[in-house]
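Peer 1: Have a look at the structure that comes next, please.
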Amino acid sequence: MTRAIRVISLFTMCAVIAACGPSAATPPPTATAPAPTVPPTVVVATPTLPPPTALPSVTTPPDATVTPATTPEGKPTPVPRITLSEVAPSESTPGVIRISGKAQVFEAMLVVELHGPQDEIIAKGYARASIGAPEWGDFSVDLFYTPPASPTRAILQAYEPSPKDGSPNSLVTAPVMLVPAPELARWQPFDNATFGFSVRYPTDWHLNQGSIMPAPPAATKLSTYQAQTPGQLPAEKDAEVWITVSDVPSLAEMENLARMGYRQATVVVGGHPGVRYTAPQPVFGVYDVVYTLSGRREYRIQLSANTHQYDATFNLILATFSTREQ
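Numbering (this note's numbering), first residue to last: 31 to 356.
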């Protein structure tokens with residue numbers, strides 16, 4: 031506004047100065063007669079003013095918006111394809127863990143491993159789901175392991191092996207407390223070098239590789255009694271464990287046991303997959319039997335007893351059983 035006033039004043043002064051200058055309308059006086067004096071007419075020029083200059087508008091900047099720091103997006107967490115519903119070591123029967131759950135894995139195959147306090151592998155094996163990916167299948171397996179002498183914390187791992195290199199995919203874990211079996215330190219070891227297996231049995235049991243069928247060393251009998259005569263029958267309170275080796279799987283026998291109503295379970299014995307058939311009630315004959323494969327051989331381990339008294343002993347015998355590839 032001050033600038034506009036100054037411009038207007040400047041133009042007004044210029045107009046006044048121009049009017050006060052010599053005018054062509056005023057003639058010079060003559061010598062003969064004085065001309066009447068005409069008062070000069072003052073013409074005030076009205077300057078044409080430029081349009082007022084608009085003052086620059088002050089633009090108020092908007093409030094600064096604080097942009098939060100961008101958090102880098104991590105890789106999405108893969109959805110586990112294995113869930114564990116049961117990881118149960120038996121308090122009454124050391125040496126075996128029941129592992130159950132669901133899996134959505136390639137070819138329905140997953141690995142189960144039992145790791146000790148130093149991350150050492152105590153036992154390892156495979157479990158098979160009822161159906162493979164993309165469907166979810168149920169699985170259940172009894173993993174046998176050599177129990178420690180004192181209570182020991184361990185970690186159960188289950189995972190899908192990579193088809194490329196076998197590395198763990200969809201790894202899940204569960205803590206377990208291993209039930210001890212200190213009596214194993216006093217058990218007798220037995221090694222069958224011919225058929226590549228070893229096992230332990232109670233000190234008050236007897237090892238017999240004599241006149242039995244099939245001929246030794248393809249068959250080994252562990253019993254609570256010592257036969258005094260060939261063909262001697264066991265007493266009602268006695269028990270026998272038979273270990274036989276064959277190059278032919280006992281498929282027909284397994285089918286027959288299934289038809290007879292034997293309970294079936296998937297097992298891992300000595301690191302090898304197997305199947306177990308158990309009669310509804312103890313019976314002297316085929317009461318409880320495990321079939322497992324190692325290399326080209328089938329190992330058949332059978333308990334014969336009329337009482338549940340030897341169930342835990344049989345599980346410990348299975349827990350100490352191991353084979354060597356031939």
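C-beta: ideal position from N, C-alpha, C; glycine also.
Taking the alpha carbon of D268 as the point to measure from, which residue in A223, G315, T274 has its own alpha carbon closest?
Peer 2: Residue numbering aside, residue 268 sits at position 238 when the sequence shown is read from its first letter. Among A223, G315, T274, the Cα nearest to that of D268 belongs to G315.
Peer 1: Less than 8 Å between the beta carbons of T123 and N336, yes or no?
Peer 2: By 1-based counting over the sequence shown, the position of residue 123 is 93. By 1-based counting over the sequence shown, the position of residue 336 is 306. Against a cut-off of 8 Å, the Cβ pair of N336 and T123 comes out as no contact.
Peer 1: Is it true that the region 213 to 220 meets the region 142 to 150, where meeting means three or more beta-carbon pairs spaced less than 8 Å apart?
Peer 2: Taking 8 Å as the limit for Cβ pairs, the verdict is that the region 142 to 150 does not touch the region 213 to 220.
Peer 1: Pick from A204, Y321, P198: whose alpha carbon is nearest that of R183?
Peer 2: By one-based count along the sequence shown, residue 183 stands at place 153. If we check each option's Cα against that of R183, A204 comes out closest.
Peer 1: What are the partner residues of V171, as DSSP defines its beta bridges?
Peer 2: Taking the sequence shown and counting its residues from 1, the one referred to as residue 171 is at position 141. DSSP lists I129 as partners of V171.
Peer 1: According to DSSP, is I273 helix, strand or coil?
Peer 2: In the sequence shown, the residue the question calls residue 273 occupies position 243. Three-state DSSP puts I273 in a strand.
Peer 1: Of all the options W235, L173, V142, F174, which has the alpha carbon lying nearest to the alpha carbon of P191?
Peer 2: Numbered from 1 along the sequence shown, position 161 holds the residue referred to as residue 191. Nearest C-alpha to P191: V142.
Peer 1: Tell me where the alpha helix (DSSP H) around M139 begins and ends.
Peer 2: Here residue 139 corresponds to residue number 109 of the sequence shown, with the count starting at 1. That residue, M139, is in no alpha helix (DSSP H); its beta strand (DSSP E) goes 139 to 145.
Peer 1: Note down, one range per segment and in chain order, each beta strand (DSSP E) of at least 3 residues found wholly within the region 153 to 238.
Peer 2: Segments of the beta strand (DSSP E) lying fully in the region 153 to 238: 167 to 174, 182 to 191, 198 to 208, 218 to 222, 227 to 231, 236 to 238.
Peer 1: Would you list the residues sitting across from G304 in a DSSP beta bridge?
Peer 2: Residue numbering aside, residue 304 sits at position 274 when the sequence shown is read from its first letter. V297, T322.
Peer 1: CB L237 to CB Y189, shorter than 8 Å?
Peer 2: On the sequence shown, residue 237 is found 207 positions in, with the first residue counted as 1. On the sequence shown, residue 189 is found 159 positions in, with the first residue counted as 1. No, the pair does not count as a contact, with Cβ atoms beyond the cut-off.
Peer 1: Based on Cα-Cα distance, which residue from K132, K154, V319 lies nearest to T274?
Peer 2: The residue given as residue 274 occupies position 244 in the sequence shown. Considering only alpha carbons, the answer is V319.
Peer 1: Which residues in the same chain as D168 place their Cβ atom closer than 7 Å to its Cβ, once the five residues preceding and following it in sequence are excluded?
Peer 2: To locate residue 168, count along the sequence shown from 1; it is residue 138. Around D168: K132, A159, S160.
Peer 1: Using the three-state DSSP reduction, which class does R354 fall into: helix, strand or coil?
Peer 2: As a position in the sequence shown, residue 354 is number 324, starting the count at 1. Coil at R354, not helix or strand.
Peer 1: So the beta strand (DSSP E) A249 belongs to, where does it begin and stop?
Peer 2: Residue 249 sits at position 219 when you count from the first residue of the sequence shown. A249 -> beta strand (DSSP E) spans 249 to 253.
Peer 1: Work out the CA separation of A163 and H338 for me, nearest whole Å.
Peer 2: Position 308 of the sequence shown, counted from the start, is the residue given in the question as residue 338. Position 133 of the sequence shown, counted from the start, is the residue given in the question as residue 163. In a straight line, the C-alpha of H338 is about 40 Å away from that of A163.
Peer 1: Distance, Cα to Cα, T296 vs S200?
Peer 2: On the sequence shown, residue 296 is found 266 positions in, with the first residue counted as 1. On the sequence shown, residue 200 is found 170 positions in, with the first residue counted as 1. Each residue's Cα considered, the two are about 22 Å apart.
Peer 1: Mark A282 as exposed unless 16 or more other C-beta atoms lie within 10 angstroms of its C-beta, in which case mark it buried.
Peer 2: In the sequence shown, residue 282 corresponds to position 252, counting from 1. Counting Cβ neighbours within 10 Å, A282 comes out exposed, since fewer than 16 surround it.
Peer 1: Could you compute how far the alpha carbon of A342 sits from the alpha carbon of E270?
Peer 2: Residue numbering aside, residue 342 sits at position 312 when the sequence shown is read from its first letter. Residue numbering aside, residue 270 sits at position 240 when the sequence shown is read from its first letter. Whole-angstrom Cα-Cα distance: 14 Å.
Peer 1: What's the call for A349, buried or exposed, on a 16-neighbour Cβ count within 10 Å?
Peer 2: Counted from its first residue, the sequence shown places residue 349 at position 319. With 16 or more Cβ atoms within 10 Å of its Cβ, A349 is classed as buried.
Peer 1: Considering only the alpha carbon of each residue, which of N222, A211, D221, Q134 lies closest to T113?
Peer 2: The residue given as residue 113 occupies position 83 in the sequence shown. Among N222, A211, D221, Q134, the Cα nearest to that of T113 is on Q134.
Peer 1: Over what stretch of residues does the beta strand (DSSP E) that includes R289 continue unbroken?
Peer 2: Sequence index remark: in the sequence shown, residue 289 carries index 259 (1-based). Careful: R289 lies outside any beta strand (DSSP E), inside the alpha helix (DSSP H) at 281 to 289.
Peer 1: Can you list, in chain order, the residues of its chain with a C-beta nearer than 6 Å to that of I152? Leave out the 5 residues immediately preceding and following it.
Peer 2: Position 122 of the sequence shown, counted from the start, is the residue given in the question as residue 152. Closer than 6 Å at the Cβ level, and outside the excluded window around I152, lie L144, G146, Y175.
Peer 1: Would you mind working out which of Y321, A288, R327, P178 sits nearest P310, comparing C-alpha positions?
Peer 2: In the sequence shown, residue 310 corresponds to position 280, counting from 1. Minimum Cα distance to P310 is reached at A288.
Peer 1: Go to A118, then tell me how far its beta strand (DSSP E) extends in each direction, as first and last residue.
Peer 2: Counted from its first residue, the sequence shown places residue 118 at position 88. Unbroken beta strand (DSSP E) run through A118: 112 to 119.
Peer 1: If we ignore side chains and look at the alpha-carbon of each, how far apart do R330 and Q262 end up?
Peer 2: Position 300 of the sequence shown holds residue 330. Position 232 of the sequence shown holds residue 262. Going from the Cα of R330 to the Cα of Q262 covers about 23 Å.
Peer 1: Taking Cβ positions, are M284 and V305 nearer each other than 8 Å?
Peer 2: For the purposes of this step, residue 284 is taken as the residue at position 254 of the sequence shown. For the purposes of this step, residue 305 is taken as the residue at position 275 of the sequence shown. Yes, the pair counts as a contact, with Cβ atoms nearer than the cut-off.
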